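*Asks:*
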């Protein structure tokens, strides 16, 4: 337990530190490199300094093992109960999400890797579309009853002459194709239900971001069987999104 002197040394969180907490709330697990990109922070050391301070004060946790270096993996960070309660105190966290995240320190490596892929994909899409885009994670969609269940991995809107909407899901080699096919069928059922009409906007198009070209090819073969009636589905690879350039990374199914 901290004594009085130690408590006095804890300064009020600054704007940058609070932003780190907000981003960890959005993505659940991420690395210093991905956080710096999400913050539009040019100097990685600034983000690392914020993470160090928040970890020392018990707001966030850090996952790192000696084997990570050989595997080319980076330390990942996540919110601890103190960080969650702080966000709740400034009305920046949903109670349902807090309950869901309370045991994130026990999360499996598979789930952590998934969260990192979601963050990576989100940053790639934001870079590709620029300031026109707005991105929301599953955490931020909790409580909105007009979204389909299960929720998409990401929801993106792009402001142009008319606002365009997208549900974004991730697909990798470890996921059986039927899992994504079933989810897309759920989107079609949701479209037919008319629940989205409450938003007074066109039904979102679907983007499936694949971990590899091989995974994309396998998924496309399955989707071409006719499960995408009435909705528009695009596939791409995460690497293709990140490469930027003038080439369109999306292929319609």
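Numbering (this note's numbering), first residue to last: -14 to 238. Glycine is no exception: its CB is placed at the ideal position from the N, C-alpha and C atoms. The model shown is predicted, which means the values in this text are computed figures rather than measured ones.
1) Just to confirm the assignment, what range does the beta strand (DSSP E) spanning residue 46 have?
2) In the structure shown, what three-state DSSP assignment does residue 64 receive?
3) Under the assumption that residue 140 contacts residue 126 (Cβ atoms under 8 Å), give the Cβ distance between them as a whole number of angstroms.
4) Is it true that the CB of residue 65 sits closer than 8 Å to the CB of residue 46?
5) Beta-carbon within less than 8 Å of residue 146's beta-carbon, same chain only, minus the 5 sequence neighbours each way: which residues are those?
6) Please confirm whether residue 151 and residue 190 have their CB atoms less than 8 Å apart.
7) From residue 184 to residue 238, what does the alpha carbon distance come to, in whole angstroms?
8) Within a Cβ cutoff of 6 Å, which residues of the same chain sit near residue -11, ignoring the five residues on either side of it in sequence?
9) Could you tell me which uninterrupted beta strand (DSSP E) segments, each at least 3 residues in length, are contained entirely in the segment -7 to 35, listed from first to last along the chain?
10) With DSSP as the reference, please indicate the residues paired to residue 139 in a beta bridge.
11) How big is the Cα-Cα spacing for residue 95 and residue 102?
12) Assign residue 192 to buried or exposed, taking buried as 16 or more other Cβ atoms, counted over all protein chains shown, within 10 Å of its Cβ.
13) With a cut-off of 8 Å, do at least 3 Cβ pairs link the segment 29 to 44 to the segment 64 to 84?
*Replies:* For this structure:
1) Residue 46 sits at position 61 when you count from the first residue of the chain shown. Element bounds for residue 46: 45 to 48.
2) For the purposes of this step, residue 64 is identified with residue 79 of the chain shown, where counting begins at 1. Three-state result, residue 64: strand.
3) If you number the chain shown from 1, residue 140 lands on position 155. If you number the chain shown from 1, residue 126 lands on position 141. Yes, residue 140 and residue 126 are in contact; Cβ-Cβ is about 6 Å, under 8 Å.
4) Counted from its first residue, the chain shown places residue 46 at position 61. Counted from its first residue, the chain shown places residue 65 at position 80. Result yes, Cβ atoms of residue 46 and residue 65 sit closer than 8 Å.
5) By one-based count along the chain shown, residue 146 stands at place 161. Result list for residue 146: empty, nothing under 8 Å.
6) Counting from one through the chain shown, the residue named residue 151 turns up at place 166. Counting from one through the chain shown, the residue named residue 190 turns up at place 205. Contact: yes.
7) Looking up residue 184 in the chain shown gives position 199. Looking up residue 238 in the chain shown gives position 253. Each residue's Cα considered, the two are about 26 Å apart.
8) For the purposes of this step, residue -11 is identified with residue 4 of the chain shown, where counting begins at 1. Here the model assigns residue -11 a pLDDT of 49, short of 50, so the residue's position is not dependable, and the following value carries that caveat. Taking C-beta separations shorter than 6 Å and ignoring five residues to either side along the sequence, residue -11 has no partners in its chain.
9) none
10) The residue you call residue 139 lines up with position 154 of the chain shown. BP columns for residue 139 point to 122 and 153.
11) Working through the chain shown from its first residue, we reach residue 95 at position 110. Working through the chain shown from its first residue, we reach residue 102 at position 117. For residue 95 and residue 102, the distance between alpha carbons rounds to 11 Å.
12) Start at 1 with the first residue of the chain shown, and residue 192 comes out as number 207. Residue 192 should be labelled buried.
13) The segment 29 to 44, when compared against the segment 64 to 84, does touch it at the 8 Å Cβ threshold.
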